[in-house]
Structures are given as structure tokens and as C-alpha cells.
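A.B. asks: First the structure, then my questions, so here it is.
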């Protein structure tokens, strides 16, 4: 098997790279989770806003002609 300067063979290099990428993905997901928790109150306020008359399906639009 081929070994690099640190003495790791190709399989060990791939395992190490995979482990590092998993850690990066986990860190990215945790950052997104923290952002979503911080914005949860704002999001729930947006989703629960009172509907205006124009939001209802039977609302009529003004005609400009």
C-alpha cells in the first residue's frame, strides 16, 4: 500500500477525511439549529399573524378599468 509522509496509507487517509467531513457537517447543522432556535419566536409570529381580508380566497380585487 502507498503511504504518505505521515505514514498513513490510502485507506487511513480516506477514513480520516470522512471523519473530518462528518465533523464539519455536524458543526454546520448545529449552527443552523441554533439560528433556527433563535428565530423560532419570530417565525411563529409570522406564521400566526392575523389574516387580512385580502388573504381570504373569496376576496375581490379592485378593477382598474
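Numbering (the numbering used here), first residue to last: 285 to 349.
Yeah, the Cβ is synthetic: ideal placement off N, Cα and C, and Gly gets one too.
1. Kindly indicate the opening and closing residues of the alpha helix (DSSP H) around residue 322.
2. Among the residues of its own chain, which have a CB less than 6 Å from the CB of residue 291, if the five just before and after it don't count?
3. For residue 317 and residue 299, what's the separation of their Cα atoms in angstroms?
C.D. replies: Concretely, from the data shown:
1. 294 to 322
2. none
3. 27 Å
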